[in-house]
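**Q**
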Amino acid sequence: MSGSVDRGGAWHPLVELALARLREFAREPEAVFWAFIFPILMSVTMALAFPGSGNTPAVVGIESGPGAAAVRDALRREPGLQVREIPAGDEARAVREGEVHLLVVPGDPPTYRFDPARDESRVARLLVDATLKKAAGRVDPWSAREETLQVPGSRYVDWLIPGIVGLSIMGTSMWGIGFGIVQARMRKLLKRLVAGPMRRREYLIAQVAGRLVLLAPEAGVPLVFGVFVLRMPIQGSIAAIAVVCLAGALAFGGVGLLLASRARTFEAISGLMNLATVPMWVVSGVFFSATHFPQPMQPVIQALPLTALVNALRSVILEGASLQNVMPQLAMLGAWGFGTFALALRIFRWR
Amino acid sequence: MVCVRCTNLLKRYGDLVAVNGLTFVVERGECFGLLGPNGAGKTTTIEILEGLVEPDGGDVEILGLRWKSHDRELRQRLGVQLQETQFADKLTVEETLRLFRSFYLRGRTIEELLRVVELGPKRHSRVGQLSGGQKQRLAVACALAGDPDLLFLDEPTTGLDPQSRRQLWSLLSDFRRQGGTVVLTTHYMDEAETLCDRVAIVDQGAVIAEGSPRDLIAQLGAPKVVTHQGTLEDVFVALTGRHLREE
């Protein structure tokens with residue numbers, strides 16, 4: 001711009017637009033509450049569900065009948081098992097709802113009732129089987145020497161926290177941007193803005209930029225919680241984590257712009273946001289590894305922005321990867337950010 | 001010097017012909033009113049002039065320039081107030097003005113704008129807490145931010161109480177005293193008579209009469225005006241057989 005520009009005391013439009021976005025957010029108490037409370041709630045829940053030790057016993061139920069007492073005595077001696085009393089007639093429900101991981105029906109030989117699709121049920125089966133056979137007189141040829149390792153950063157909860165950070169970035173970037181835009185469209189404010197000399201590109205950039213200020217607390221809250229409460233180790237550099245989070249926020253900012261580019265009602269934007277985010281909650285490896293899904297799906301899953309973000313965060317936080325190591329994920333996030341931004345600018349409905 | 005020249009404007013929405021061969025000229029320094037009932041095509045016309053709606057036919061020239069070739073320059077030189085714009089409730093008056101002022105490369109200061117629309121005492125109030133009249137004055141202040149040569153106002157006083165209307169009228173008189181040109185739409189006859197040098201009466205997308213309010217009333221002739229001094233309402237009724245405010 002030339003030096004003769006006089007904005008009458010106002011900043012550059014990019015700054016004013018981003019400030020307006022930020023002020024509107026900061027003055028919406030509910031939005032602030034959810035942006036910061038949600039990741040904490042999520043983390044606390046996780047901490048309760050996965051208390052650091054990781055040595056949760058397999059829970060076993062025993063169907064009443066002849067021989068039940070002997071089975072109970074044998075199983076009680078095994079420290080890795082916990083026997084839970086199930087009222088007669090209630091066994092099927094207890095197994096189905098996961099109250100017990102396996103049900104033993106005493107007999108000769110006994111019967112195990114369990115769902116082999118559940119990892120903890122398979123563990124319970126192995127333990128129960130070994131314990132009962134030993135009690136019945138089986139002699140082991142040898143006992144292996146055991147070295148138990150508690151590698152910091154290898155617990156499930158350590159693996160989970162970067163996923164929560166990714167979810168938090170995705171959720172707040174997309175919802176915050178999408179609703180703000182749809183509201184401005186409903187109020188015909190967008191139309192008024194483009195009636196003046198505002199640059200359309202700058203409006204869209206400012207919507208994303210206005211959210212970036214909030215990135216530090218949004219990503220920081222679950223990370224700080226993970227480090228100080230759950231004792232998650234951070235192997236990589238803070239700067240690298242910040243860069244990955246920034247790339248994620250830009251990618252999801254672009255997706256948010258794109259989803260909001262045509263929607264005219266809150267119902268429409270909510271539907272679109274759910275359509276975009278819910279599948280990623282499931283397949284992008286936040287709660288369980290994305291590699292669980294069949295091979296033909298992998299190219300799609302790996303190309304999703306949340307998968308890229310969560311993988312990059314895990315590499316940096318848990319494995320100490322450098323930015324060079326996560327370059328493929330960063331490139332993927334960049335492609336999502338710029339691609340969706342360019343498309344949003346083309347198809348955006350200003351009226 | 002001609003400020004606005006539109007010739008044979010045509011705009012269709014599906015089967016509906018919103019603007020049907022509309023033609024008029026606005027000279028510099030004039031206040032020109034588009035007058036007509038709801039649905040006459042006033043808003044479509046003014047939005048075509050503002051470069052928000054593309055006409056299906058006809059020609060528009062604003063300040064000697066055309067939208068296709070001089071979009072950015074025109075937007076810097078025009079002031080626009082739209083019907084039904086709601087500014088962000090959570091921003092203050094001053095923040096809203098700063099935002100709109102930031103788009104212009106030159107223009108009035110925030111202080112000046114606040115003074116002109118008499119919102120100085122409200123500068124730190126949230127937009128959501130303003131009265132209808134105050135909101136409308138803020139809209140006009142945003143339109144004045146770039147110190148425009150030409151101001152477009154779409155039903156600027158619809159829904160306002162009499163005092164707020166007068167306040168807005170005096171604001172527009174000040175703007176005109178400084179050489180500004182105004183194009184406005186209204187369906188209030190008294191507003192057109194007070195503010196406008198010339199009016200075009202629009203019905204079904206076309207101009208059915210054009211001239212100064214006084215001339216239009218005079219053309220009615222004495223017989224039709226018996227009990228009171230003639231008004232533009234009488235002109236409209238005489239021309240169409242309908243009342244202006246009819247839906």
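So the protein lines, in turn, are chains A and B.
For the first sequence, counting from 1, position 52 maps to 52 in the numbering used here; every step adds exactly one.
For the second sequence, counting from 1, position 124 maps to 124 in the numbering used here; every step adds exactly one.
Ideal Cβ placement from N, Cα and C applies to all residues, glycine included.
Closest to Pro109 (chain A) by CA distance: which of A:Pro305, A:Trp142, A:Val128 is it?
**A** Reading the first sequence from its first residue, position 109 is the one you call residue 109 (chain A). Here the closest residue by C-alpha is A:Val128.
**Q** Looking at the C-beta of Tyr104 (chain B), does it have a partner C-beta in chain A at a distance below 8 Å?
**A** Residue 104 (chain B) sits at position 104 when you count from the first residue of the second sequence. Yes, Tyr104 (chain B) lies at the interface with chain A (some Cβ there is under 8 Å from its Cβ).
**Q** Which residues, in chain order, does the segment 8-20 of chain A contribute to contact with chain B at a C-beta distance below 8 Å?
**A** Answer set for the segment 8-20 of chain A: Gly8, Gly9, Ala10, Trp11, His12, Pro13, Val15, Glu16, Leu17, Leu19, Ala20.
**Q** When Cβ atoms are compared, which residues of the segment 46-64 of chain B fall closer than 7 Å to chain A?
**A** Hits within the stretch, in order: Glu50, Leu52.
**Q** Just to confirm my understanding: we take Met273 (chain A), look at its own chain, exclude 5 residues before and 5 after, and list those with CB closer than 7 Å. What are they?
**A** Start at 1 with the first residue of the first sequence, and residue 273 (chain A) comes out as number 273. Here the set comprises Met174, Trp175, Gly178, Leu259.
**Q** Kindly list the residues whose CB is nearer than 7 Å to the CB of Ala143 (chain B), restricted to its own chain and excluding five residues on each side of it in sequence; keep chain order.
**A** The residue labelled residue 143 (chain B) in the question sits at position 143 within the second sequence. Cβ neighbours of Ala143 (chain B) beyond the five flanking positions: Gly79, Val80, Gln81, Leu151.
**Q** Give me the chain A residues within the contact set of Glu95 (chain B), using Cβ-Cβ distance strictly less than 9 Å, ordered along the chain.
**A** Working through the second sequence from its first residue, we reach residue 95 (chain B) at position 95. Within chain A, the residues near Glu95 (chain B) are Glu16, Leu19, Ala20, Arg23.
**Q** With distances taken from CA atoms, which of A:Glu78, A:Glu63, A:Val95 is nearest Val105 (chain A)?
**A** Here residue 105 (chain A) refers to the residue found at position 105 when the first sequence is read from its first residue. Nearest option by C-alpha distance: A:Glu63.
**Q** What residues match up with Val105 (chain A) in a beta bridge as DSSP calls it?
**A** Residue 105 (chain A) sits at position 105 when you count from the first residue of the first sequence. DSSP lists A:Thr111 as partners of Val105 (chain A).
**Q** Name, please, each residue of chain A whose Cβ falls closer than 7 Å to the Cβ of Gly107 (chain B).
**A** Here residue 107 (chain B) corresponds to residue number 107 of the second sequence, with the count starting at 1. Chain A residues near Gly107 (chain B): Gly8.
**Q** For Leu259 (chain A), verify whether its CB is less than 7 Å away from any heavy atom of the ligand FAD.
**A** This structure does not include the ligand FAD; it has no bound ligands of any sort.
**Q** In the DSSP output, what is Arg126 (chain B) paired with across the bridge?
**A** Counted from its first residue, the second sequence places residue 126 (chain B) at position 126. DSSP lists B:Thr92 as partners of Arg126 (chain B).
**Q** With respect to the beta strand (DSSP E) encompassing Val202 (chain B), which residues constitute its N-terminal and C-terminal limits?
**A** Numbered from its first residue, the second sequence carries residue 202 (chain B) at position 202. 198-203 is the span of the beta strand (DSSP E), which, as asked, contains Val202 (chain B).
**Q** List the endpoints of the continuous alpha helix (DSSP H) containing Asn354 (chain A).
**A** Nothing can be reported for residue 354 (chain A): it is not among the residues displayed for chain A, which extend from 1 to 351.
**Q** Distance, Cα to Cα, Ala222 (chain B) vs Ala192 (chain B)?
**A** If you number the second sequence from 1, residue 222 (chain B) lands on position 222. If you number the second sequence from 1, residue 192 (chain B) lands on position 192. For Ala222 (chain B), the pLDDT reaches just 49, beneath the cut-off of 50, and the residue's location in the model is therefore unreliable, although a value from the coordinates is still provided. Rounded to the nearest angstrom, the two C-alpha atoms are 21 Å apart.
**Q** Which same chain residues, not among the five before or five after Pro57 (chain A), have their C-beta less than 7 Å away from its C-beta?
**A** Against the first sequence, residue 57 (chain A) aligns to sequence position 57. Around Pro57 (chain A): Gly80, Leu81, Gln82.
**Q** Have a look at A:Val194, A:Ala184, A:Arg145 and flag the residue whose alpha-carbon is nearest the alpha-carbon of Ala51 (chain B).
**A** As a working mapping, residue 51 (chain B) is identified with position 51 in the second sequence. The sequence given here places Gly at residue 51 (chain B); Ala does not occur at that position. The shortest C-alpha separation from Gly51 (chain B) is found at A:Val194.
**Q** Can you grab the Cα-Cα spacing for the pair Met1 (chain A) / Leu9 (chain B), in whole Å?
**A** Within the first sequence, residue 1 (chain A) is the residue found at index 1, counting from 1. Within the second sequence, residue 9 (chain B) is the residue found at index 9, counting from 1. Its pLDDT being 45, under 50, Met1 (chain A) is placed unreliably by the model, and the measurement read from it follows with that caveat. Each residue's Cα considered, the two are about 36 Å apart.
**Q** With a threshold of 8 Å, are at least 3 pairs of Cβ atoms found where one atom belongs to the segment 41-50 of chain B and the other to the segment 182-189 of chain B?
**A** Result yes; three or more Cβ-Cβ pairs closer than 8 Å.
**Q** I'd like to check one pair, Ala10 (chain A) with Arg137 (chain B): are the Cβ atoms closer than 8 Å?
**A** Within the second sequence, the letter at position 137 stands for residue 137 (chain B). Within the first sequence, the letter at position 10 stands for residue 10 (chain A). Taking 8 Å as the Cβ cut-off, Arg137 (chain B) and Ala10 (chain A) do not qualify as a contacting pair.
**Q** List, in chain order, every chain B residue whose beta-carbon is nearer than 9 Å to that of Leu189 (chain A).
**A** Your numbering for residue 189 (chain A) matches position 189 in the first sequence. What Leu189 (chain A) touches in chain B: Thr85, Gln86, Phe87, Ala88.
**Q** Residues of the segment 190-222 of chain B with a CB closer than 9 Å to any CB of chain A: list them in chain order, please.
**A** Cβ contacts with chain A come from no residue of the segment 190-222 of chain B.
**Q** To the nearest angstrom, how far is the alpha carbon of Gln298 (chain A) from that of Gly196 (chain A)?
**A** To locate residue 298 (chain A), count along the first sequence from 1; it is residue 298. To locate residue 196 (chain A), count along the first sequence from 1; it is residue 196. Their Cα atoms are separated by approximately 47 Å.
**Q** Chain A beta carbons: is any one of them nearer than 8 Å to that of Val80 (chain B)?
**A** As a first step, residue 80 (chain B) must be located in the second sequence, where it is residue number 80. Yes, Val80 (chain B) counts as interfacial toward chain A.
**Q** Let me confirm a value: Trp336 (chain A) is counted as buried when at least 16 other C-beta atoms fall within 10 Å, else exposed. Which label applies?
**A** Here residue 336 (chain A) corresponds to residue number 336 of the first sequence, with the count starting at 1. Counting Cβ neighbours within 10 Å, Trp336 (chain A) comes out buried, since at least 16 surround it.
**Q** Report the option in A:Leu214, A:His292, A:Ala247 whose CA atom is closest to the CA atom of Trp34 (chain A).
**A** Translated into positions along the first sequence, residue 34 (chain A) becomes position 34. Nearest option by C-alpha distance: A:Leu214.
**Q** Find the residues of chain B that neighbour Val5 (chain A), judging by a C-beta separation of less than 7 Å, and give them in chain order.
**A** Residue mapping note: residue 5 (chain A) aligns to position 5 of the first sequence, counting from 1. Those within 7 Å of Val5 (chain A) in chain B are Leu105.
**Q** Quick check: the segment 15-22 of chain A against the segment 151-165 of chain A, are there 3 or more CB pairs under 8 Å?
**A** Output reads no: the segment 151-165 of chain A does not touch the segment 15-22 of chain A.
**Q** Any idea if Ser173 (chain B) is buried or exposed, counting beta-carbon neighbours within 10 angstroms, 16 or more meaning buried?
**A** Stepping through the second sequence from its first residue, residue 173 (chain B) is reached at position 173. Result: exposed.
**Q** Three-state secondary structure (DSSP) at Arg84 (chain A)?
**A** Indexing the first sequence from 1 puts residue 84 (chain A) at position 84. Residue state, collapsed to three classes: strand.
**Q** Here's the rule: buried if 16 or more other CB atoms are within 10 angstroms of the residue's CB, otherwise exposed. What is Lys68 (chain B)?
**A** Looking up residue 68 (chain B) in the second sequence gives position 68. Exposed: under 16 other Cβ atoms inside 10 Å.
**Q** Answer with yes or no whether the minimum CB distance from Phe100 (chain B) to chain A is below 8 Å.
**A** Working through the second sequence from its first residue, we reach residue 100 (chain B) at position 100. With 8 Å as the cut-off, Phe100 (chain B) counts as an interface residue toward chain A.
**Q** Any idea what DSSP makes of Tyr203 (chain A), helix, strand or coil?
**A** As a first step, residue 203 (chain A) is located in the first sequence; it is residue number 203 there, counting from the start. Of the three classes helix, strand and coil, the one that applies to Tyr203 (chain A) here is helix, per DSSP.
**Q** Have a look at B:Gly29, B:Phe32, B:Asp71, B:Glu84 and flag the residue whose alpha-carbon is nearest the alpha-carbon of Arg187 (chain A).
**A** For the purposes of this step, residue 187 (chain A) is taken as the residue at position 187 of the first sequence. If we check each option's Cα against that of Arg187 (chain A), B:Glu84 comes out closest.
**Q** Mind checking if Leu172 (chain B) is an interface residue toward chain A, Cβ cutoff 8 Å exclusive?
**A** Taking the second sequence and counting its residues from 1, the one referred to as residue 172 (chain B) is at position 172. It does not: the Cβ of Leu172 (chain B) has no partner Cβ on chain A nearer than 8 Å.
**Q** Give me, in chain order, the residues of the same chain whose beta-carbon lies closer than 7 Å to that of Ser322 (chain A); leave out the 5 immediate sequence neighbours on both sides.
**A** Here the question's residue 322 (chain A) lines up with position 322 in the first sequence. Excluding sequence neighbours, Ser322 (chain A) sits near Ala240.
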